[in-house]
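**Student:** Taking numbering that gives the first Met the number 0, the leading residue of the sequence shown gets 0, the next gets one more, and so forth.
Please find one structure pasted underneath; my questions will follow.
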Amino acid sequence: MNEKGCIKCGSRDADTKEVAMTGTGLSKMFDIQKNEFVVVYCKNCGYSEFYNRRASGASNVLDFFFG
């Protein structure tokens with residue numbers, strides 16, 4: 000497993016987006032976006048991985064995606 004790139008298609012062309020999502024219970028009912036994630040996605044095939052924004056540094060998420 001020394002190859003780096005998208006695990007689905009092998010492409011090395013990726014980008015990131017930041018997204019927020021509601022949780023459960025009252026936050027869902029009142030549409031409070033309390034869960035923040037960084038999404039790393041392959042520009043070739045669309046494969047995506049979500050990383051908890053509070054748990055991982057935004058500068059390191061591409062390293063996780065490419066192995």
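C-beta: ideal position from N, C-alpha, C; glycine also.
Which residue marks the beginning of the beta strand (DSSP E) containing Ser10, and which one marks its end?
**Tutor:** Ser10 -> no beta strand (DSSP E), and no H or E assigned at all.
**Student:** Comparing C-alpha positions only, which one of Lys42, Asn51, Met20, Glu35 sits nearest to Ile6?
**Tutor:** Selected option, being the one with the closest Cα: Lys42.
**Student:** For Asn51, report the span of its beta strand (DSSP E) as first-last.
**Tutor:** Note, Asn51: beta strand (DSSP E), 47-51.
**Student:** For Val37, count neighbouring C-beta atoms within 10 Å of its own C-beta (all shown protein chains included) and say buried if the count is 16 or more, exposed if not.
**Tutor:** Counting Cβ neighbours within 10 Å, Val37 comes out buried, since at least 16 surround it.
**Student:** Take the Cβ of Val39 as the centre, count every other Cβ of all protein chains shown within 10 Å, and call the residue buried at 16 or more, exposed below.
**Tutor:** Val39 comes out buried.
**Student:** What number of angstroms, rounded off, separates the C-alpha of Phe49 from the C-alpha of Met20?
**Tutor:** Going by the C-alpha atoms only, they are around 12 Å apart.
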